[in-house]
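As structure tokens, the structure follows; a few thoughts come after it.
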Amino acid sequence: MARWELGKFDECLDLAGIKDTRLRKSYRACFKLALKTDWTMAMAGAFLPPHRRPAMAAVGAVVRWVDDLADHRKGNVARFSEETQELLAEVRSGHSVHPVRAAIVHSIGAFALPVPSLERFVATTQADIGRTEFATEAELSEFARHAVGAPVLLGCPLLGGPVDDPAFDRAVLSFGEGLDRVDNLRDLSEDLARGWLGISRETLDNCAADPADLMNRRATPEVLRALRCEADRAAALLAGADMVAAGLPAYGKAAIDTMQSLYRLHLETVTEDLPAVLRRRPRPRTASLKRLAVSSLGSMAGAIPQPRTEAAPLCLPIAAPHAPEQSDNVRHWASHQAISAELRRCCEQSQDGVLATIQSHALLPVGKLLRPVLTVEGAGAVGGDTAMVIPAAVSTELVHVASLINDDIIDGDDQRRGRDSAPARFGVDLALLAANGLFMKALQGLSRCREQGVTAERLNQAFNDAGQTGEDLTRGVALELSITDDLACPVDTYLEMIKLKTAVLFAYASRLGAYLVDGGDDQVKALSAYGLALGMAFQIRDDLLPYDSTSEAAGKDASSDLRNHRPTLPILLAYAHATPHQQHELHALWNDTDHERALPALHRVLQSTQAMVRARNLATTYGEQAQSHLDQLPDTPHRTRLRHLVRQATQRIN
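With my numbering, letter number 540 in the sequence shown gets 540, and the count goes up by one each step, no holes.
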């Protein structure tokens, strides 16, 4: 296992961009623990891209740490609960100084590993403390699926596994149950010595085996029949690895195939001499293990992606609890959490002094992160590795926030996202410089995708696309300034303005991820059209917010449009459909310097001219267009989330 020698592991830490001495020490401790206790983790980890191997070692180590904690704390559930809750609290905060846990906390943030899987594993292990048997097969199955299946699921993103795929998750849990049942047979003699029946009462009853005979290690025909039944069940579950591997890239498939082969070897060793299992732990011959290792690595050598450069992939802390992926709350999605963690990392590592402070103020706490989420989900929707595009996704948020700072400077707005805007807090001059810095950081972030495996050709085209998008954004702002005070501005001109100022960035974000992961031309075009329509719907709903929401809910001053004399779609629709008297009233309200007094009267005119209804209907139409473009993509959880974003955009109140 030369790939997992400690010297080689240090190279993996370098490739992962892990420079902190304390953190490297934690990863090294995890590596030693995982390698010492789990050949499966070592062999599977050898197939991963080098920068992912430290995280796999951390997953293996935290599983061993929790198991050892449970064994050490027998009879002291409260103490086990206290220490594991400390672990989960560290995961949520994104920080740990524990010699082992620090690495898993870091890995969860770096690769958006599913925290619910870790939580299920901890809860299942705690429930097992003091248990001596399982009454039914259903109880044993449920335990095995989460005692072993959940940790496997925790590490699946490192194998390139899909996110929020129920069928894939079920296959992983089933495969994990098979692994646990093999381990139960291998460890049977040790379990019996501590008074634990490794086979369910139901299986013993079905085979007419006396539990006392099993506990006293008597190899009666009935006991051996029960052992054979358990081995057959384990073999059937191990076969489910094929379903897991089918959903993975080459390196992930190689890792799962190796785990399956290793456990089949363990099971073969068990069944060679079933009576002996009652007395001692069977061990495969060393020669057999070496042959398996050489065969696996040799046959799948091409599956191991090698980095082209000494990269610094996603070294991310996290700061928010994870929730199940099926949540309608975007903040609970793995894509949002990975982006959020990377944004925090960018802010924490910035060396720009006061400019970094301003940028952090504008970026944090994170918002809905709609544009970067579009990039990640778009990549997933075409079957790509979403981890490859996280830096590109973050770059879209940097561009968006920089444009917001510029908007606040131009408009003189004091509020943004319900608090002081950057120019209001730090002054216009510094805010402008901070915005310029964000634009530059966005380009740097996009370039980091090369380190994640994106081809130079694709990346060059993405830079060209980013440049054109930036030019369109600028043209949009200029067009907005040109229609200042023009209540008679044609609606078509206004729609062209919001397309350039808002929707083109949505379109860029939506197609960017798909393009970088080599999505098909038709799929990239469909996502681009989806994003453009979504952006139009989003901006129209944004125009309606001052009249549908309070200033607090909207996150900005409701009278901003009046103060800046910038006509929005509801106002233009009202003017276009108003009577001469109503048009005169609109002009009077438009020129009223008491904006707070004018706002309720303006609202009444918008209602009487049906302007708000017309605007909502137009937003709905654009939303329907966005949904129709998604029909060209395969039906996946990623597409489902993209559809949800359309519904959210057309119904938003903030």
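Idealized CB from N, CA, C, for every residue including glycine. Since this is a predicted model, take the numbers as computed values, not measurements.
Listed in chain order, the non-local C-beta contacts of Gly161 below 7 angstroms within the same chain comprise Phe168, Gly247, Leu248, Gly252, local neighbours out to five positions each way being set aside. Bounds of the alpha helix (DSSP H) holding Met612 are 611-630. Asn206 and Leu224 have their C-alpha atoms spaced approximately 12 angstroms apart.
Three or more beta-carbon pairs separated by less than 8 angstroms are not found between the stretch 88-103 and the stretch 172-190, which leaves the two stretches without contact.
By the criterion of a C-beta distance shorter than 6 angstroms, Leu227 is surrounded in its chain by Leu274, once the five residues flanking it on both sides are discounted. Comparing alpha carbon positions, the residue from Ala576, Arg563, Ala574, Thr568 closest to Glu596 is Arg563. For the 8 angstroms CB-CB criterion, Leu374 and Ala442 do not form a contact.
For Gly520 and Asn184, the gap between their C-alpha atoms comes out near 46 angstroms. When DSSP reads this structure, Asp420 sits in a beta bridge with Gln415.
For Trp590, the enclosing alpha helix (DSSP H) starts and ends at 580-591.
For Asp165, there is no enclosing alpha helix (DSSP H), as DSSP marks it with neither H nor E. Scanning its chain for C-beta atoms nearer than 6 angstroms, with the 5 sequence neighbours on each side dropped, one finds around Gly195 the residues Thr132, in chain order. Excluding the 5 residues flanking it on each side, Asp486 has same chain C-beta neighbours closer than 8 angstroms at Pro567, in chain order. Of the residues Ala110, Met388, Ser608, the one whose Cα lies closest to the Cα of Pro570 is Ser608. DSSP places Gly155 within a helical segment (H, G or I) once states are collapsed to three. Straight-line spacing of the CA atoms in Gly513 and His638 works out to 12 angstroms.
Per DSSP, Asn464 is one residue of the alpha helix (DSSP H) stretching across 456-482.
Listed in chain order, the non-local C-beta contacts of Leu355 below 8 angstroms within the same chain comprise Leu430, Leu433, Ala434, Gly437, local neighbours out to five positions each way being set aside. When the beta-carbon positions are compared, Ala615 and Ile540 come within less than 8 angstroms of each other. With at least 16 other beta carbons inside 10 angstroms of its own, Phe80 counts as buried. Gly130 counts as exposed, since fewer than 16 other beta carbons sit within 10 angstroms of its beta carbon. Pairwise C-beta distances place the stretch 585-592 out of contact with the stretch 500-514, as fewer than three of them are shorter than 8 angstroms. Judged by beta-carbon spacing, Leu140 lies within the 8 angstroms limit of Ser200, meaning their Cβ atoms are closer than that value. Take Leu602, set aside five residues on each side of it, and the residues of its chain with a beta-carbon closer than 6 angstroms to its own are Leu589, in chain order.
Contact annotation: Leu118 and Leu154 have beta-carbon atoms nearer than 8 angstroms. Per DSSP, the continuous alpha helix (DSSP H) segment holding Val376 begins and ends at 370-381. The stretch 210-219 makes no contact with the stretch 232-245, as fewer than three CB pairs between them are under 8 angstroms. Distance from the CA of Ala574 to the CA of Ala250, rounded to the nearest whole angstrom, comes to 58 angstroms.
Contact between the stretch 381-401 and the stretch 329-343 is present: three or more C-beta pairs spanning the two stretches fall below 8 angstroms.
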